[in-house]
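Some notes on the structure that comes next.
Listed below in structure tokens is the structure:
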């Protein structure tokens with residue numbers, strides 16, 4: 001459609017903007033698809049990098065946000081689950097006063113990484129480390145931390161080691177510039193948070209664009225993204241349905257006989273038609289006196305009046321923002337000011353009379369609404385005229401202030417603001433009018449009853465609920481006081497996305513005597529050793545079963561690292577225990593990645609000449625979850641002998657059917 005519009009009007013800015021937006025959406029969708037493909041291959045870091053590119057241009061792109069939350073959702077496993085396969089390899093090291101060069105040579109063989117040392121690093125420095133059932137990444141971090149060293153990833157399989165000093169940090173530590181365009185938060189508030197939590201100094205706030213630009217380390221940028229995501233959660237909104245009813249009832253009863261209360265006698269005018277004289281008064285008689293008597297009235301009257309004033313406003317407001325409703329009129333109140341010189345000035349001030357309602361809602365994460373209500377109802381009782389002739393008003397007011405906590409859609413009625421007024425007035429003959437019942441024949445009485453009540457009904461409707469930040473943004477590891485670090489630097493590979501570490505080899509367990517001489521690289525040799533996976537071919541959903549991993553080596557071996565893969569949607573790993581081939585004095589390490597369905601195992605023999613004989617290496621206990629056909633296969637396998645790496649025949653997968 002936009003292309004047709006541009007064909008007719010090439011300068012149409014709206015069509016150009018729509019065409020560009022469509023192109024951006026397609027590009028972002030392509031990045032999300034690439035991230036999904038990378039995630040299926042197990043390349044978690046590559047998937048996050050693709051999502052980062054999409055979210056850098058559009059922070060609210062829902063498919064990217066959903067996939068990112070799925071990837072970063074904690075599963076309860078160890079933080080090592082985020083490391084690549086090489087760094088998650090289990091390893092055990094025992095070095096006593098060994099040179100640092102020797103330690104990193106062993107780590108290089110175990111992980112396939114290349115370590116480059118700065119010229120100021122003392123590679124002959126003595127290192128003592130005893131770590132069992134650990135990982136390559138933990139060993140590297142521990143050695144660097146205890147020797148005041150730092151690391152920087154150069155590419156997919158090279159790491160630079162340098163002293164952890166301010167000068168070297170400035171030389172080697174990479175810095176990244178990141179711009180955050182904010183939609184739901186204030187740039188100043190977010191900048192204060194980043195300065196306080198991350199100690200960021202290079203930060204610029206653009207109040208006009210509500211934007212923040214910061215320059216810091218990649219770890220600080222990643223932490224800032226999590227903090228900004230928490231600030232950028234949209235404010236909750238609520239619709240308040242308010243009904244205000246003022247009911248007035250008036251009862252007037254006027255009943256009785258109003259007798260004449262006045263007799264007036266007036267001398268008649270002179271017969272001559274002139275002015276009345278004293279002589280005329282001397283000759284007064286009943287025929288010369290006029291009489292005037294007030295009338296006799298019989299009152300039988302009853303008046304009933306009902307008045308209902310209804311206001312039914314609906315107000316939509318944001319969280320912790322005041323909303324005001326006013327229904328009524330503004331009455332002028334004139335104030336007169338006079339001076340000693342005789343100057344008179346009048347000032348008109350308007351007073352609000354009627355209904356005034358102020359509400360301030362607070363939406364909680366459990367979709368309950370706390371409402372602060374201030375209700376005021378006022379009306380004009382009477383008018384008062386001042387000596388100068390100005391009109392003033394006597395205003396009656398009724399107020400109610402309360403704090404409510406209601407669920408979404410729950411109704412609450414506030415009543416009881418009642419004004420009750422009874423007035424009785426009478427005109428009776430003294431004495432006779434006070435006789436019960438018969439007194440009505442000797443006088444008139446008026447009974448006026450006025451009653452009014454105000455009823456307020458309020459119902460909150462949550463339009464946009466309050467959101468809780470996901471656990472990945474609300475809680476994350478931030479390193480130490482002197483070093484901000486979210487994850488191992490080995491995760492931030494700066495090479496091509498598809499580039500990864502070299503094929504890892506298992507590290508032997510050096511003894512204290514082996515620290516005196518550097519270990520020699522091992523060479524790969526051919527062989528006919530084999531592994532087998534033994535287990536049932538059919539199980540029922542919900543049942544547990546055991547799977548055995550057996551080895552039949554062609555020659556004695558010193559180490560056997562294995563990686564077993566299964567479908568986590570259909571199977572759940574329960575436990576991993578050493579097999580019958582593993583003796584009590586031998587090392588068996590394992591690490592489980594339940595999210596990806598991977599089990600890493602390593603068996604290290606104590607004998608320097610190697611372990612001989614076939615048998616069971618490991619026993620794995622699984623639980624069947626979902627029906628269907630599934631399998632367990634060997635993803636990675638390696639056999640290390642005293643003379644080098646021995647070849648292993650391909651291991652046939654274990655295929656089974658899970659019955660419903």
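Residue numbers (the UniProt record's numbering): 1 to 660.
Ideal placement from N, C-alpha and C gives every residue a C-beta, glycine not left out.
If distances are taken between C-alpha atoms only, which option among 57, 58, 62 and 67 comes closest to residue 47? Counting from 1 along the chain shown, the entry for residue 47 is found at position 47. Cα-wise, what sits closest to residue 47 is 67.
Taking 8 Å as the threshold, find out whether the segment 346–353 comes into contact with the segment 301–318 through three or more Cβ pairs. Touching, no.
Contact set for residue 294: own chain, Cβ-Cβ below 6 Å, skip 5 residues either direction: One-based indexing of the chain shown puts residue 294 at position 294. Taken in chain order, the residues that qualify are 260, 261 and 262.
Within a Cβ cutoff of 7 Å, which residues of the same chain sit near residue 36, ignoring the five residues on either side of it in sequence? Taking the first residue of the chain shown as 1, we reach residue 36 at position 36. Here the set comprises 67.
Inter-residue spacing [alpha-carbon to alpha-carbon] between residue 624 and residue 49: Along the chain shown, one-based indexing puts residue 624 at 624. Along the chain shown, one-based indexing puts residue 49 at 49. Their backbone Cα atoms lie some 34 Å apart in a straight line.
In angstroms with no decimal places, state the Cα-to-Cα distance between residue 154 and residue 543. Against the chain shown, residue 154 aligns to sequence position 154. Against the chain shown, residue 543 aligns to sequence position 543. Going from the Cα of residue 154 to the Cα of residue 543 covers about 48 Å.
Applying the criterion that 16 or more other CB atoms from any shown protein chain within 10 Å of the CB defines a buried residue, is residue 199 buried or exposed? By one-based count along the chain shown, residue 199 stands at place 199. Its Cβ having fewer than 16 others within 10 Å, residue 199 is exposed.
Pair within 8 Å by beta-carbon distance, residue 478 and residue 229: Sequence index remark: in the chain shown, residue 478 carries index 478 (1-based). Sequence index remark: in the chain shown, residue 229 carries index 229 (1-based). Residue 229 is positioned such that its CB atom lies no closer than 8 Å to that of residue 478.
Checking 8 Å against the spacing of the C-beta atoms, do residue 616 and residue 567 come in under that value? For the purposes of this step, residue 616 is identified with residue 616 of the chain shown, where counting begins at 1. For the purposes of this step, residue 567 is identified with residue 567 of the chain shown, where counting begins at 1. In terms of Cβ geometry, residue 616 and residue 567 do not form a close pair [threshold 8 Å].
List the residues that DSSP assigns as beta-bridge partners of residue 228. Looking up residue 228 in the chain shown gives position 228. Note: residue 228 is not bridge-paired with any residue in the DSSP secondary-structure output.
When the Cα atoms are used, what is the spatial distance from residue 510 to residue 105? Taking the chain shown and counting its residues from 1, one reaches residue 510 at position 510. Taking the chain shown and counting its residues from 1, one reaches residue 105 at position 105. Note that residue 510 has pLDDT 38, beneath the 50 cutoff, so the model's placement of it is unreliable and no number is given.
Option in 92, 161, 97 and 129 with minimal Cα separation from residue 118: One-based indexing of the chain shown puts residue 118 at position 118. Nearest option by C-alpha distance: 161.
Is it buried or exposed, residue 411, if we count other Cβ atoms within 10 angstroms and call 16 or more buried? Counting from 1 along the chain shown, the entry for residue 411 is found at position 411. That one is exposed.
On the CB-based measure, 16 or more other CB atoms within 10 Å of its CB, does residue 246 come out buried or exposed? For the purposes of this step, residue 246 is taken as the residue at position 246 of the chain shown. The residue is buried, with at least 16 neighbouring Cβ atoms inside 10 Å.
Here's a check: name, in chain order, each residue in its chain whose Cβ is nearer than 7 Å to the Cβ of residue 54, leaving out the five neighbours to either side. Locating residue 54 in the chain shown gives position 54, where the first residue counts as 1. Once the five neighbours on either side are set aside, the close Cβ partners of residue 54 are 28, 31, 32, 61 and 64.
Just to confirm the assignment, what range does the beta strand (DSSP E) spanning residue 100 have? If you number the chain shown from 1, residue 100 lands on position 100. Residue 100 -> not in any beta strand (DSSP E); alpha helix (DSSP H) instead, spanning 100–111.
I need the DSSP call for residue 512, collapsed to helix, strand or coil. In the chain shown, the residue the question calls residue 512 occupies position 512. Unreliable positioning characterises residue 512 in this predicted model, as indicated by a pLDDT of 34, which lies under 50. The coordinate reading is nonetheless provided below. Here residue 512 carries a coil assignment [DSSP, helix/strand/coil].
At what residue ranges does the segment 348–411 contain a whole run of the beta strand (DSSP E), taking only runs of 3 or more? DSSP runs (the beta strand (DSSP E)) wholly in the segment 348–411: 368–385 and 391–407.
Reduced DSSP category for residue 195 - H, G, I as helix; E, B as strand; rest coil: Here the question's residue 195 lines up with position 195 in the chain shown. Secondary structure at residue 195: helix, using DSSP grouped into helix, strand and coil.
Taking just the CA atoms, how far does residue 393 sit from residue 363? Along the chain shown, read from residue 1 onward, the residue named residue 363 stands at position 363. Along the chain shown, read from residue 1 onward, the residue named residue 393 stands at position 393. Distance between the alpha carbons of residue 363 and residue 393 is about 41 Å.
Residue 525 - DSSP class collapsed to helix/strand/coil: The count along the chain shown starts at 1 and reaches residue 525 at position 525. Confidence at residue 525 is low in this model, with a pLDDT of 35, below 50, so its placement is unreliable and the value that follows should be read with caution. The three-state reading of DSSP puts residue 525 in strand, counting E and B together.
Which residue's Cα is closest to the Cα of residue 59: 420, 180 and 103? As a first step, residue 59 is located in the chain shown; it is residue number 59 there, counting from the start. Nearest C-alpha to residue 59: 180.
Among 538, 374 and 264, which has the Cα closest to the Cα of residue 654? Counting from 1 along the chain shown, the entry for residue 654 is found at position 654. Cα-wise, what sits closest to residue 654 is 538.
Extent of the continuous beta strand (DSSP E) to which residue 34 belongs: Against the chain shown, residue 34 aligns to sequence position 34. The continuous stretches of beta strand (DSSP E) do not include residue 34, which lies in the alpha helix (DSSP H) extending over residues 13–40.
For residue 384, count neighbouring Cβ atoms within 10 angstroms of its own Cβ and tell me buried if that reaches 16, exposed if not. Start at 1 with the first residue of the chain shown, and residue 384 comes out as number 384. Note on residue 384: under 16 other CB atoms within 10 angstroms of its CB, so exposed under the neighbour-count rule.
Check whether the segment 239–256 and the segment 210–219 touch, using three or more Cβ-Cβ pairs below 8 Å as the test. They do not touch, by the three-pair rule.
Reduced DSSP category for residue 284 - H, G, I as helix; E, B as strand; rest coil: Taking the first residue of the chain shown as position 1, residue 284 is located at position 284. Here DSSP, grouped into helix, strand and coil, assigns residue 284 to coil.
Determine contact between the segment 552–567 and the segment 582–601, defined as no fewer than three beta-carbon pairs at a distance below 8 Å. Of all C-beta pairs linking the segment 552–567 to the segment 582–601, three or more are shorter than 8 Å, placing the two stretches in contact.
Taking 8 Å as the threshold (C-beta atoms), are residue 139 and residue 93 in contact? On the chain shown, position 93 is the one that residue 93 refers to. On the chain shown, position 139 is the one that residue 139 refers to. When the beta-carbon positions are compared, residue 93 and residue 139 come within less than 8 Å of each other.
With DSSP as the reference, label residue 429 as helix, strand or coil. On the chain shown, position 429 is the one that residue 429 refers to. Looking at residue 429 - three-state DSSP - the assignment turns out to be coil, as it is neither helix nor strand.
Let me confirm a value: residue 97 is counted as buried when at least 16 other C-beta atoms fall within 10 Å, else exposed. Which label applies? Working through the chain shown from its first residue, we reach residue 97 at position 97. Under a 10 Å Cβ-count criterion, residue 97 is classified as exposed, with fewer than 16 other Cβ atoms of the shown protein chains found around its own Cβ.
Provide the residue span of the beta strand (DSSP E) that contains residue 444, from first to last. For this step, residue 444 is matched to residue 444 along the chain shown. Under the DSSP assignment, residue 444 falls in the beta strand (DSSP E) whose first and last residues are 443–464.
Taking Cβ to Cβ, would you say residue 395 is nearer than 8 Å to residue 311? By 1-based counting over the chain shown, the position of residue 395 is 395. By 1-based counting over the chain shown, the position of residue 311 is 311. Contact flag unset, no.
Strictly by DSSP, which residues pair up with residue 206? In the chain shown, the residue the question calls residue 206 occupies position 206. According to DSSP, residue 206 bridges with 211.
Pull up the distance between the alpha-carbon of residue 335 and that of residue 408, whole angstroms please. Position 335 of the chain shown, counted from the start, is the residue given in the question as residue 335. Position 408 of the chain shown, counted from the start, is the residue given in the question as residue 408. Each residue's Cα considered, the two are about 48 Å apart.
8 Å Cβ shell around residue 354 - same chain, five flanking residues per side excluded: Locating residue 354 in the chain shown gives position 354, counting from the first residue. Listed in chain order, the non-local C-beta contacts of residue 354 below 8 Å within the same chain comprise 326, 327, 328, 329, 377, 378 and 379, local neighbours out to five positions each way being set aside.
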